[in-house]
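J.:
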């Protein structure tokens, strides 16, 4: 990916609003590549002779390899800059989207999706580093919340877009739409995104340096709980995404309104992220996210209760799922910002290793939850509760047993992340 370095340099400094929109739409490329496929899983399974829960692999393998691939772009971006590595990731995303559209077999499609996740990992791994190059502390949490507001609009509408595409063609056109989106957003980044990495902060490409930076970013006790904790709760969310089409269609018999239901749940996360952007600098990322985590556990306990009733209805399941996804909107960006704050000078490596842990753990956990679908909401409900409880224990470890800490000062521009 390093060879993709462009000679063109944007002539003007990008503003905060445009930067937020651009980073959100870059990350949304991955979300669209997952959620737009959900309404097409049945048609794809029929066309490629896929049985049972195996259809989920087209989503799960993409998430898993995106997590593994997240280890690569950050270290390269710490050496060569954010722009060339990001643009290389976008090119890989576009090319492999088109390759997916013409895959002749399911095994070939899975292999291409695995490559797409790995080589396109920079579209998700690098935006936090680009933001961290500019700001830190609770201000970063506010900006990441606004990014998540826009980013989460895509999962809210992607299934509907997927349904519309199916009305005019088959499921392969969804991959063509992915490539078109990637091209448009890639052109935007090429012409408007300046390099954000200061020359004095560039890190050499030496295995020892890379290993030291990544170990520093993942082993600091004050961030361990936030990285691994968020991986657990988002793993449970991925479990819902993987099994949502079967759960809504088969368990609750509401396949006709699946895009609406999924949109409501994803929209609740977007609303929470917008709300978080309004309050996080006042109350602090810790107070907001810790409160949301405790509420998440409480709601998950209700989900378990209703899941084990013999006649759980759609209208019991959906509101509780939407509430917990809303609570994740207060957890995700805040946990990520808290974890990134100490690492201004190695933001690329930190973003990569954090993304690796989150995505890899979450995709494996989400795949296991999705594959355990048994015709009920019980595996999902139990997973949400267990993930929330273990996440709370990890946060308590990082915070030395104390929750609801004060607003976090901004670190960077000379702060030493190694203390």
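Residue numbers (our numbering): 574 to 992. Ideal Cβ positions, reconstructed from N, Cα and C, are used throughout, including at glycine.
Residue 613 and residue 724: beta carbons closer than 8 Å?
T.: Their beta carbons are not under 8 Å apart, which means residue 613 does not touch residue 724 by this criterion.
J.: Please go through the same chain and pick out, in chain order, the residues whose beta-carbon is closer than 8 Å to the beta-carbon of residue 713, but skip the five residues on each side of it.
T.: Around residue 713: 704, 705, 910, 913, 914, 983.
J.: What residues in its chain sit with their C-beta under 6 Å from that of residue 783, if we drop five residues either side in the sequence?
T.: For residue 783, where only same-chain residues beyond five positions count, the Cβ hits under 6 Å are 648.
J.: Please classify residue 760 as buried or exposed, where buried requires at least 16 other C-beta atoms within 10 Å of its C-beta.
T.: Exposed, because fewer than 16 other Cβ atoms sit within 10 Å of the Cβ of residue 760.
J.: Given a cut-off of 8 Å on the beta-carbon distance, is the pair residue 845 and residue 899 in contact?
T.: Result yes, Cβ atoms of residue 845 and residue 899 sit closer than 8 Å.
J.: Quick check for students: name the residue ranges of the alpha helix (DSSP H) that lie wholly in the stretch 837-878, counting only runs of 4 or more.
T.: None, since the stretch 837-878 contains no complete alpha helix (DSSP H) of that length.
J.: Counting pairs of beta carbons, one from the stretch 747-763 and one from the stretch 655-675, are three or more of them closer than 8 Å?
T.: Yes: the two stretches touch, three or more of their Cβ pairs being nearer than 8 Å.
J.: Using DSSP with H/G/I as helix, E/B as strand and the rest coil, what is residue 766?
T.: DSSP places residue 766 in coil when its eight states are reduced to three.
J.: Who are the Cβ neighbours of residue 868 in its own chain at under 6 Å, not counting the five residues just before and after it?
T.: Around residue 868: 900.
J.: How many Å lie between residue 856 and residue 619 at the Cα?
T.: Computed Cα separation, rounded: 51 Å.
J.: Can you give the beta carbon distance from residue 715 to residue 854, rounded, assuming they're within the 8 Å contact cut?
T.: Sure, about 5 Å apart at Cβ, within 8 Å.
J.: Helix, strand or coil, according to DSSP, for residue 910 in the structure here?
T.: Helix, per DSSP.
J.: Residue 738 and residue 746 - do their beta-carbons sit closer together than 8 Å?
T.: Cβ distance < 8 Å, so residue 746 and residue 738 count as in contact.
J.: Which residue from 588, 718, 807, 765 puts its Cα closest to that of residue 958?
T.: Considering only alpha carbons, the answer is 807.
J.: Taking only the alpha-carbon atoms, compute the straight-line gap between residue 930 and residue 586 and give it to the nearest angstrom.
T.: The alpha-carbon atoms of residue 930 and residue 586 are separated by roughly 32 Å.
J.: Return helix, strand or coil for residue 677, following the three-state DSSP convention.
T.: Three-state DSSP puts residue 677 in coil, outside helix and strand.
J.: On a CA-only basis, which of 641, 883, 827, 602 is nearest residue 937? Give me that one, please.
T.: Nearest option by C-alpha distance: 641.
J.: Excluding five sequence neighbours on each side, which residues of the same chain lie with their C-beta closer than 7 Å to the C-beta of residue 688?
T.: Excluding positions up to five away in sequence, the list reads 669.
J.: Near residue 838, what residues of its chain come up, given a Cβ to Cβ distance below 6 Å and the 5 sequence neighbours on each side ignored?
T.: 894, 895, 898.
J.: For residue 928, count the other beta carbons within 10 Å of its own beta carbon; 16 or more makes it buried, fewer makes it exposed. Which is it?
T.: It is buried - the Cβ of residue 928 has at least 16 other Cβ atoms within 10 Å.
J.: Ordered along the chain, which non-local residues of its own chain (more than five positions away) have a Cβ less than 6 Å from that of residue 623?
T.: Only 679 meet the Cβ criterion.
J.: May I have the straight-line CA-CA distance separating residue 876 from residue 769, to the nearest angstrom?
T.: Looking at the two C-alpha atoms, the distance is approximately 44 Å.
J.: Going by alpha carbons, who is nearest to residue 700 out of 600, 736, 788, 734?
T.: For the residues 600, 736, 788, 734, the minimum Cα distance to residue 700 belongs to 600.
J.: So, helix, strand or coil for residue 973, using DSSP?
T.: In this structure, residue 973 counts as coil in the three-state DSSP scheme.
J.: Can you give the Cα-Cα distance for residue 891 and residue 764, rounded to whole angstroms?
T.: Cα-Cα distance, rounded: 42 Å.
J.: Cα separation between residue 726 and residue 840?
T.: Cα to Cα, the separation comes out at about 6 Å.
J.: By the DSSP assignment, the alpha helix (DSSP H) with residue 825 in it spans what residues?
T.: From DSSP, residue 825 is part of no alpha helix (DSSP H); its letter is neither H nor E.
J.: Please look up how many angstroms separate the CB atoms of residue 696 and residue 602, rounded, as I've assumed it's under 8 Å.
T.: Confirmed, Cβ separation roughly 5 Å.
J.: Pairing CB atoms from the stretch 937-947 with CB atoms from the stretch 858-868, are three or more of them under 8 Å?
T.: The stretch 937-947 is not in contact with the stretch 858-868.
J.: In its own chain, which residues sit with a C-beta less than 6 Å from the C-beta of residue 578, not counting the 5 before and 5 after it?
T.: Residue placement at residue 578 cannot be trusted, given a pLDDT of 43 that sits under 50; the coordinates are not used to answer.
J.: Measuring straight from C-alpha to C-alpha, what distance separates residue 978 and residue 971?
T.: Whole-angstrom Cα-Cα distance: 12 Å.
J.: Within the continuous alpha helix (DSSP H) that includes residue 701, where are the two ends?
T.: Residues 695-707.
J.: Who are the Cβ neighbours of residue 889 in its own chain at under 6 Å, not counting the five residues just before and after it?
T.: Once the five neighbours on either side are set aside, the close Cβ partners of residue 889 are 879.
J.: Of all the options 592, 629, 832, 966, which has the alpha carbon lying nearest to the alpha carbon of residue 720?
T.: It is 592 whose Cα lies nearest to the Cα of residue 720.
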